[in-house]
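Okay, so here's the structure we're looking at.
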Amino acid sequence: MWLECDWILQILTGAILSQFVSFYLNTKTKELPKYITGVVPTKIDFKQDRTEKVTFTNNFAVALFNMPVEISNDTLIQRFRETALQEHRLRDSIDFHINYWGLTFNAVIPVFLVHYFYQLSKFTSFISVLPGPDAFSFFNVLPVTELLYWLPNRGYVGVGLTCLTFNKKFYMGLIVDQALFSKDDNLQEILDNVPKYLKMLENEITGPLMI
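For the sequence shown, UniProt numbering begins at 1 and goes up steadily by one.
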């Protein structure tokens, strides 16, 4: 359902986000959760369902992803491995298929069943990693040089992380409910530290072999 490069990007982004979340929570509490559950959307390619009058069109599905937070061997490479393990479990999950049909026929399902279905899932964040479009311009005159999107917070969701590749650049967006962070917290630090964590991961991968 996903291209291989998309999964690698998802794992890398998840490991980096996991590192910062663990660092931030360590400054606030001594008891870290083992995982933080987030919703991961993906683009899929299933055959469209039709009736005589209606065509049900849907190209997306979602599933729940357990992002590791507390890790005994707290290194970025270990976080990368643990994130990869959770990603591969997600990749083989039937959740995408179940949620695909739920989203496809959402408009014709009774409202009380829709509410019940969404209340069953407990998650606190959205994590979306997508390959962006090719470079384009408006009216063939105004070139688009930067592109980014955000996921709105709803219900129990307090954090939304988005990643997009566009025009040979990597963009990240972050939206956080104000109830989760104090005014003294610098959210920009999360994004500013991404290059640092990427360099740390590179050093751990290319460092001396541990036998």
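All residues carry an ideal CB built from backbone N, CA and C; glycine is no exception.
Ordered along the chain, which non-local residues of its own chain (more than five positions away) have a Cβ less than 6 Å from that of residue i?
i           : result
residue 173 : 148, 150, 162
residue 91  : none
residue 175 : 150, 160
residue 127 : 38, 40, 161
residue 25  : 32
residue 143 : 137
residue 14  : 67, 83
residue 171 : 148, 164
In this structure, what does DSSP give as the bridge partners for residue i?
i           : result
residue 127 : 161
residue 67  : 36
residue 143 : 137
So what's residue i in DSSP terms, helix, strand or just coil?
i           : result
residue 35  : strand
residue 137 : strand
residue 181 : coil
residue 169 : strand
residue 205 : helix
residue 152 : coil
residue 110 : coil
residue 175 : strand
residue 99  : helix
residue 94  : coil
residue 210 : At residue 210, the pLDDT of 47 sits below 50, so the modelled position is not reliable and the matter cannot be decided from this model.
residue 30  : coil
residue 192 : helix
residue 22  : helix
residue 132 : coil
residue 187 : coil
Once you ignore the five residues that flank residue i on each side, which residues in its own chain have a CB closer than 7 Å to its CB?
i           : result
residue 212 : Given a span of 1 to 211 for the chain in the structure shown, any question on residue 212 remains unanswerable.
residue 190 : 20, 174
residue 99  : 61, 62, 63
According to the Cβ coordinates, are residue i and residue j closer than 8 Å?
i           : j           : result
residue 131 : residue 83  : no
residue 177 : residue 153 : yes
residue 28  : residue 69  : no
residue 123 : residue 64  : yes
residue 125 : residue 71  : no
Look at the alpha carbon of residue i and the alpha carbon of residue j, and state the distance between them as a whole number of angstroms.
i           : j           : result
residue 97  : residue 38  : 17 Å
residue 94  : residue 140 : 43 Å
residue 30  : residue 67  : 19 Å
residue 10  : residue 156 : 23 Å
residue 206 : residue 60  : 37 Å
residue 194 : residue 110 : 43 Å
residue 22  : residue 187 : 14 Å
residue 199 : residue 87  : 22 Å
residue 146 : residue 168 : 10 Å
residue 16  : residue 89  : 19 Å
residue 8   : residue 81  : 11 Å
Comparing the C-beta of residue i with each C-beta of chain D, is any distance below 8 Å?
i           : result
residue 131 : In the structure shown, chain D does not exist; there is a single protein chain.
Please list, in chain order, all residues of the same chain as residue i whose beta carbon is under 8 Å from its beta carbon, the five residues on each side excluded.
i           : result
residue 179 : 158
residue 74  : 22
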